[in-house]
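Asks: I have a structure I would like to understand better, so I am pasting it below and will then ask my questions one at a time.
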Amino acid sequence: SDIETLIRALPKTELHLHIEGSLEPEQMFEFAERNGVDLAFDSVEDIRAAYEFNNLQEFLDLYYQGMSVLQTKQDFHDLTFAYLERVKVDNCRHVEIFFDPQGHTERGVPFNDVIEGILSGLEEGGKAFGITSHLILSFLRHLSEEDAFKTLEQAEPYLDRILGVGLDSSEVGHPPSKFERVFAKAREMGLKSFAHAGEEGPPEYVREALDLLKIDRLDHGNRALEDERLVKRLHDEKIVLTSCPLSNLKLCVIDDLKDSPLKIMLEAGLKVTVNSDDPSYFGGYLNDNYIAAAEALKLTKDDILTLVRNGIEGAYLSEDRRGHIL
Ligand code: HPA
Ligand code: ZN
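Using the numbering used here, the first residue of the sequence shown is number 800, and each one after it goes up by one.
Following this line, the structure appears as structure tokens:
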């Protein structure tokens, strides 16, 4: 269709992507083999068949299991390079990706190997495919704030190569308030802050992310729509939201793509963007998310242009690079 052609042709950004969630089943086998890891699956088909989730936690259980094949600096480099190679096909020009260091240090993989592998993948892939990038260190919210502080400390030698901190994993029962101090510390260190909120958690978690964590961008934010005053605030403060349509569908945050919050957010004048979250697990990369949402929500060309523009304006791009993309 015309819309699909437009989506493919436009230069885009991706602002909500967990690099470990780009691990394809084929790579999972490759890394397992070269690292001598035993996989709980016999084939790529078995892995794909297991990707049926009723909620966030069911996904997270497989996501943490899957990332256990990532062990060396080379693995993290290869994973990151492959992601850039894949989104280059989608005409993606700039990415701001999350990584979950605690998912690796917990298993005995050194923090330095994780971040150095990802940074070299971003650098090498960036040059090869013409994609600029930023890296965001995300804390696992089901772990303690003390553990997050330790992780932030490990990041100190790399501060000039980290854009900010994020907050992900199991949301309900782990409100932003649990991480108020470590986010304040990160801010003092010159880092930006981001948080997943309102994916499964209540509007109150979104308010806490704004008031207590002082986030620079809101990841998901679906349930903010339940609170009219909060919507007005997101509008007035021009908060950028990273929406992930196929993720919402696969995690049963919505029952149907027609219920994606994208359209309502656009109509409310919010700075909403389209992203893939964990493309290997949710069945689609950046353009797949745009195309599926456009079809389900009957988005117009103007809607697509607004979404893509929001993704460029909501990114931490240099003026030079922004001008180059626009
Ligand atoms: N939500 C929370 N934690 C996550 C996600 C998500 O969509 N993806 C990876 N970790
Ligand atoms: Zn996410």
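The C-beta atom is built at its ideal place from N, Cα and C for all residues, glycine as well.
Which residue wins for smallest C-alpha separation from K991, given the options A1114, P810, V843 and I806?
Replies: Counting from 1 along the sequence shown, the entry for residue 991 is found at position 192. The shortest Cα separation from K991 among A1114, P810, V843 and I806 belongs to A1114.
Asks: Where does D1101 fall in DSSP's three states?
Replies: Sequence index remark: in the sequence shown, residue 1101 carries index 302 (1-based). Of the three classes helix, strand and coil, the one that applies to D1101 here is helix, per DSSP.
Asks: In the structure shown, what three-state DSSP assignment does S932 receive?
Replies: Reading the sequence shown from its first residue, position 133 is the one you call residue 932. Strand.
Asks: Helix, strand or coil for G1082, going by three-state DSSP, please let me know.
Replies: Residue 1082 sits at position 283 when you count from the first residue of the sequence shown. Reduced to three states, the DSSP call for G1082 is coil.
Asks: Can the beta-carbon of G1083 be found closer than 8 Å to that of L1045?
Replies: Walking along the sequence shown from the start, residue 1083 turns up at place 284. Walking along the sequence shown from the start, residue 1045 turns up at place 246. Their beta carbons are under 8 Å apart, which means G1083 touches L1045 by this criterion.
Asks: For R1016, which of helix, strand or coil comes out of DSSP?
Replies: Working through the sequence shown from its first residue, we reach residue 1016 at position 217. In this structure, R1016 counts as strand in the three-state DSSP scheme.
Asks: Exposed or buried, what is V886 when buried is set at 16 or more other beta-carbons lying within 10 Å of its beta-carbon?
Replies: The residue given as residue 886 occupies position 87 in the sequence shown. By the neighbour-count rule (16 or more Cβ atoms within 10 Å), V886 is buried.
Asks: Give me, in chain order, the residues of the same chain whose beta-carbon lies closer than 8 Å to that of A1093; leave out the 5 immediate sequence neighbours on both sides.
Replies: As a first step, residue 1093 is located in the sequence shown; it is residue number 294 there, counting from the start. Excluding residues within five positions, the ones whose Cβ falls inside 8 Å are I802, E803, I806, D1102 and I1103.
Asks: Please return the same chain residues whose Cβ sits closer than 8 Å to the Cβ of E1003, not counting the five positions on each side in sequence.
Replies: Here the question's residue 1003 lines up with position 204 in the sequence shown. Same-chain partners within the cutoff: P974.
Asks: In angstroms, rounded to a whole number, what distance separates the CA positions of V836 and D899?
Replies: For the purposes of this step, residue 836 is identified with residue 37 of the sequence shown, where counting begins at 1. For the purposes of this step, residue 899 is identified with residue 100 of the sequence shown, where counting begins at 1. If you take the alpha carbons of V836 and D899, they lie about 20 Å apart.
Asks: Given this structure, state the Cα-to-Cα distance separating G997 from V1005, to the nearest angstrom.
Replies: Locating residue 997 in the sequence shown gives position 198, where the first residue counts as 1. Locating residue 1005 in the sequence shown gives position 206, where the first residue counts as 1. Between G997 and V1005, the C-alpha separation is close to 6 Å.
Asks: What does V1071 pair with, by DSSP beta-bridge criteria?
Replies: In the sequence shown, the residue the question calls residue 1071 occupies position 272. According to DSSP, V1071 bridges with L1040.
Asks: Do you know whose CA, among H815, L1024, K977 and L921, lies nearest E999's CA?
Replies: For this step, residue 999 is matched to residue 200 along the sequence shown. Cα-wise, what sits closest to E999 is L1024.
Asks: How is F852 classed by DSSP in three states: helix, strand or coil?
Replies: The count along the sequence shown starts at 1 and reaches residue 852 at position 53. DSSP places F852 in coil when its eight states are reduced to three.
Asks: What do you get for T1072, buried or exposed, if any count of 16 or more other CB atoms within 10 angstroms of its CB means buried?
Replies: In the sequence shown, residue 1072 corresponds to position 273, counting from 1. When all chains shown are included, T1072 counts as buried.
Asks: Alpha carbon to alpha carbon, how far is S1042 from P1060? Give it in angstroms, no decimals.
Replies: For this step, residue 1060 is matched to residue 261 along the sequence shown. For this step, residue 1042 is matched to residue 243 along the sequence shown. Those two C-alpha atoms are separated by around 8 Å.
Asks: Report all residues for which the CB-ligand distance to some heavy atom of ligand 2 is below 6 Å; order them along the chain.
Replies: Counting every residue whose Cβ lies closer than 6 Å to a heavy atom of ligand 2, we get H815, H817, D967, H995, D1018 and D1076.
Asks: Comparing C-alpha positions only, which one of S969, I818, V981 and E944 sits nearest to L878?
Replies: Position 79 of the sequence shown, counted from the first residue, corresponds to residue 878. Among S969, I818, V981 and E944, the Cα nearest to that of L878 is on I818.
Asks: Starting from K811, trace the beta strand (DSSP E) both ways and give me its first and last residue.
Replies: Residue 811 sits at position 12 when you count from the first residue of the sequence shown. If you look at K811, you'll find it in the beta strand (DSSP E) that goes K811 to E813.
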